[in-house]
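Take a look at the structure:
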């Protein structure tokens, strides 16, 4: 069955770099697009960016040049890296699969809660 | 970016009651709208996509509709398991954007 699972640190120091891995199963990264969405505690959802099935990427301009998404198809993994972390980057980070030919998210990982500490 | 204004922010309703949540889009986006349900500590789950289509396994008491740039989610007979936070999401253009959420509680 389709599964996504995020792994990453619980705590990141201010101004440091966040690295999260999304490991997927039940589908191929060369067929489906995978997105990153984050949710600050008690707040709403914010789309961060996507890894297209063809290997390209797209990013929310709100993250400017801080964000990088990559993948390793042989390991069925998508990676998120974001630098210059601030306290307002404290959030739960989700990876989600895009429903084919749409911009809807039909499967989500359980998320990883990351706290940026000063 | 397309802004999605969701209302109400919170809602208290009784079992079996009809519940309606709305999202107002800042511009025309056709039927490119989804609704998600999020339970405490869990990830969002797709409920409705394409404004009116139910995702797999979603009970028929959920329905979606549209009037111009206003989109609605209706729960025809509220059940205990429907408690959570609901989000709309526009899928018309990049970046995909979400409404602020509606917290649905039992009265």
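Protein chains in written order, with the numbering used here: chain A, 24 to 141; chain B, 65 to 171. Just so you know, even glycine gets a beta-carbon here, dropped at the ideal spot from N, CA and C. Just so we're clear, the structure is a prediction, and the values are computed from it rather than from any experiment.
Is residue i near the ligand NAD, going by C-beta to nearest heavy atom under 7 Å?
i, result
"residue 103/B", "Among the components modelled here there is no ligand, and therefore nothing to report on the ligand NAD."
Name the DSSP beta bridge partners of residue i, please?
i, result
"residue 74/A", "57/A, 80/A"
"residue 83/B", "139/B"
"residue 103/B", "Looking at the DSSP assignment, residue 103/B forms no beta bridge with any residue, so it has no partner."
"residue 100/A", "46/A, 95/A"
List, in chain order, every chain B residue whose beta-carbon is nearer than 8 Å to that of residue i.
i, result
"residue 9/A", "Limits of chain A in this structure are 24 at one end and 141 at the other, which puts residue 9/A out of reach."
"residue 59/A", "Neighbours of residue 59/A on chain B: none; closest Cβ ~12 Å, over 8 Å."
Strictly below 7 Å CB to CB, what residues from chain A border residue i?
i, result
"residue 113/B", "122, 125, 127"
"residue 155/B", "125, 126, 127"
"residue 73/B", "Ordered by position in chain A, no residue passes the 7 Å Cβ test against residue 73/B, which lies about 10 Å from the chain."
"residue 160/B", "70, 126"
By the three-class DSSP mapping on this structure, what secondary structure does residue i have?
i, result
"residue 122/A", "coil"
"residue 144/B", "helix"
"residue 85/A", "helix"
"residue 110/A", "helix"
Show which residues of chain B have a CB atom less than 9 Å away from the CB atom of residue i.
i, result
"residue 117/A", "107, 108"
"residue 132/A", "107"
What does residue i touch in chain A if you count any residue whose Cβ is under 8 Å from its own?
i, result
"residue 89/B", "Within chain A, no residue comes near residue 89/B; the closest Cβ sits about 14 Å away, beyond 8 Å."
Determine the chain A residues that contact residue i at a beta-carbon separation under 9 Å, and present them in chain order.
i, result
"residue 165/B", "66, 67, 68"
query = Can you list, in chain order, the residues of the segment 120-135 of chain B whose Cβ is nearer than 9 Å to any Cβ on chain A?
reply = The segment 120-135 of chain B vs chain A, Cβ under 9 Å: 120.
The segment 64-77 of chain A: positions lying closer than 7 Å to chain B by Cβ = Residues 67, 68, 70.
inquiry  = Within 8 Å, do at least three Cβ pairs link the segment 135-153 of chain B to the segment 79-92 of chain B?
reply    = In this structure the segment 79-92 of chain B lies against the segment 135-153 of chain B, because at least three pairs of beta carbons, one per stretch, are closer than 8 Å.
task = Would you check if the segment 87-94 of chain A and the segment 116-134 of chain A touch, i.e. whether three or more CB-CB distances between them fall below 8 Å?
result = Inter-segment contact for the segment 116-134 of chain A and the segment 87-94 of chain A is absent: fewer than three beta-carbon pairs are separated by less than 8 Å.
Residues, ordered as in the chain, of the segment 76-102 of chain A that lie near chain B by beta-carbon distance below 9 Å = Answer in chain order: 81, 82, 83, 84, 85.
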